[in-house]
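Participant: Those letters in the sequence shown? Residues 1 to 412, per the UniProt record's numbering, in order.
Glycine is no exception: its CB is placed at the ideal position from the N, C-alpha and C atoms.
Please read all numbers here as calculations on a predicted model, not as lab measurements.
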Amino acid sequence: MMAPNNGSVVSNLSSPSHHTRRRHPHNSLLSHLQDFTWEKALFVALNALVLSMLYVIITYRRDYTLRKAQAFHLQSEINVPTFQHEIAERYRAETRKNCQIIYVLGVEGATHHGFAPILEYLANNQVDPATGIPYDIVMSSRALKFGVFGWYKAHGMRLGFNAETPPLEDPELVQRVIADICPNDGRKHVIVEDNSFPCGQEDDRRSYRVHRQHDWLRMSPEEIADSESGNNQPTNLNAFYKAYSPYADVKFLVLHRPYLEVIASHAEWDTGPVVHSNIIRGFMIILRRFLDSHMIDPKTGRKLWHLICVEKHFAKFYNFDDVAVAQARKNMLHEVASFLDWPVKECPNCFDSWHESTKDHAATLGPENLQILDEHMKSIEGTWPPNPSLGVPTSTVITSETLVGAAISTPV
């Protein structure tokens, strides 16, 4: 057996390849540290700084989002109704600037049909001074009739109401009607409505929410005025004004005509003039109550209604004095235009279609009814007309010499 070669063993243990395979870990770390320059150190520091900043930003955004969500939730519980109300008020105010609803108010027989063309002529003369654009005039809007009276069903379907007619004050109904009658197109819109009180017959084909009631034939004026049906036919004026006045400048032109002429206009209705007179007196009380509770527009502080005594435009009222008649009609048109805040106050052709009634009212009512109708007329004094100081007794004859002074002293 040969002895091991000790020199060979020493040689192998001291070879470089052996030291490379067996290098101690501390030697490797020292080698890396020797290779680590200041550029690498700066790079690492910058990375650490960026990561730290990202962490701070993400944390802040998370906390901010949570705080915002909590604040929004709290705001929703407390102030969102107020915020929505403010937005709604701004929308209503903008709509109200260019939307005017005029209700020609009066009982049956107060010459609605005679007055409507006069108002239409005057309205068609109006031009917006700010834009030079003529007013958009709608006499008897289908959409408004559906909204206020509930007729006809076809009008409701066009507005998107295919089922039952909504209540008068339904917010969705009101907003759709307003959008239809007063589109935001840069024009001023004027819508005129003139259904009388009451309106229509018991079997009227028009789909009123409340029709004329048979029970009224047996009721006193006060009972009719206190009844639910009476206060909702053809519409409820209080609900109408409350629903539409936020979106439109709602004004009332109140027609007054001598009592016996009013009754004679529909003397054959309601079984005859006496019963018809009872019903008319009931609605005079209803109208008077509404007008007394709605004297001033709360948004503008101006008058909400204007009384028009139609007999003051009859030629016979001035003993057929042409100058007095012309001046009286001119004054009336100026007063109406001023009340409605219309820029054009003169209208030479407004009375072109006016025809005075030639009916013999005493003969129409019948001599057997005149005494009781005269008692009815006296019983309504102080109730109708709503402001007697604005009227002039029908027995008074005014000439051209006295008319100017009377017009000046008469409030608008």
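My understanding is that PRO221 touches ARG212, with C-beta atoms under 8 Å, so please give their C-beta distance in whole angstroms.
Facilitator: Not a contact, Cβ separation roughly 15 Å.
Participant: Could I get the ranges of all uninterrupted alpha helix (DSSP H) runs contained in the segment 317-387, with 4 residues as the minimum, in chain order?
Facilitator: Whole alpha helix (DSSP H) segments, 4+ residues: 322-339, 361-365, 367-379.
Participant: Return the residue from the list LEU253, SER277, VAL177 that minimises the CA-CA distance to GLU261.
Facilitator: The shortest Cα separation from GLU261 among LEU253, SER277, VAL177 belongs to SER277.
Participant: Across the segment 243-255 and the segment 99-107, are there enough close Cβ pairs to call them in contact, namely three or more that are closer than 8 Å?
Facilitator: Because the criterion of three Cβ pairs below 8 Å is met, the segment 243-255 and the segment 99-107 touch.
Participant: Pull up the distance between the alpha-carbon of PRO258 and that of LEU304, whole angstroms please.
Facilitator: Computed Cα separation, rounded: 23 Å.
Participant: Helix, strand or coil: how does DSSP classify TYR103 here?
Facilitator: It is a strand residue.
Participant: Name the two residues that bound the continuous beta strand (DSSP E) containing ILE137.
Facilitator: It spans 136-139 - the beta strand (DSSP E) in which ILE137 sits, taken as one unbroken run.
Participant: Going along the chain, which residues of its own chain have a beta-carbon closer than 7 Å to the beta-carbon of TRP269, five neighbours each way excluded?
Facilitator: These residues qualify, in order along the chain: HIS276.
Participant: Excluding the 5 residues flanking GLU356 on each side, which residues of the same chain have their C-beta closer than 6 Å to its C-beta?
Facilitator: Correct list, in chain order: PHE314.
Participant: Please work out which residues of its chain come closer than 6 Å, Cβ to Cβ, to ILE181, disregarding the five sequence neighbours upstream and downstream, and give them in chain order.
Facilitator: Cβ within range, chain order: SER141, ALA143, LEU144, ILE191.
Participant: Just tell me which of HIS306, ARG329, LEU307 has its CA closest to the CA of PHE317.
Facilitator: Of the listed residues, the one whose Cα sits closest to PHE317 is ARG329.
Participant: Which residue from HIS306, MET157, PRO117 puts its Cα closest to that of VAL138?
Facilitator: The shortest Cα separation from VAL138 among HIS306, MET157, PRO117 belongs to PRO117.
Participant: Could you tell me the distance, in whole angstroms, from the CA atom of ALA225 to the CA atom of LEU340?
Facilitator: Going from the Cα of ALA225 to the Cα of LEU340 covers about 29 Å.
Participant: Could you give the residue range of the alpha helix (DSSP H) that holds PHE197?
Facilitator: Note, PHE197: premise wrong, no alpha helix (DSSP H); not H, not E.
Participant: Got a sec? Which residues, its chain only, sit under 7 Å from LEU217 by beta carbon, not counting five neighbours each side?
Facilitator: These residues qualify, in order along the chain: ASP270, THR271, VAL275.
Participant: So, under 8 Å CB-CB, PRO386 and VAL177 are touching, yes? Tell me the CB distance rounded to an integer number of Å.
Facilitator: The pair is not a contact, with the Cβ atoms about 28 Å apart (cut-off 8 Å).
Participant: When you compare the CB positions of SER196 and VAL107, do they come within less than 8 Å of one another, or not?
Facilitator: Cβ atoms of SER196 and VAL107: closer than 8 Å.
Participant: Grab me the residues of ALA337's own chain with a C-beta within less than 7 Å of its C-beta, minus the 5 sequence neighbours each way, in chain order.
Facilitator: Result list for ALA337: LEU122, VAL344, LYS345, in chain order.
Participant: Nearest by alpha-carbon distance to GLY230: which of ARG209, ALA267, TYR241, ALA243 is it?
Facilitator: Out of ARG209, ALA267, TYR241, ALA243, ARG209 has the C-alpha closest to the C-alpha of GLY230.
Participant: Once you ignore the five residues that flank GLU202 on each side, which residues in its own chain have a CB closer than 8 Å to its CB?
Facilitator: Cβ within range, chain order: HIS211, ARG212, GLN213, HIS214.
Participant: From what residue to what residue does the beta strand (DSSP E) around CYS255 run?
Facilitator: According to the sequence as given, residue 255 is Leu; it is not Cys. Looking at the DSSP string, the run of the beta strand (DSSP E) that includes LEU255 is 249-256.
Participant: If you scan the segment 171-237 from start to end, which runs of the alpha helix (DSSP H) of 4 or more residues do you find wholly inside it?
Facilitator: As far as the segment 171-237 is concerned, its whole alpha helix (DSSP H) runs of at least 4 residues are 171-181, 221-226.
Participant: Starting from ILE286, trace the alpha helix (DSSP H) both ways and give me its first and last residue.
Facilitator: It spans 273-292 - the alpha helix (DSSP H) in which ILE286 sits, taken as one unbroken run.
Participant: Which value, in whole angstroms, describes the spacing of the CA atoms of LEU370 and HIS256?
Facilitator: The straight-line gap from Cα to Cα measures roughly 20 Å.
Participant: Quick one: what's got a C-beta closer than 8 Å to ARG206's C-beta in the same chain, skipping five residues either side?
Facilitator: Once the five neighbours on either side are set aside, the close Cβ partners of ARG206 are PHE149, TRP151, TYR152, GLY200.
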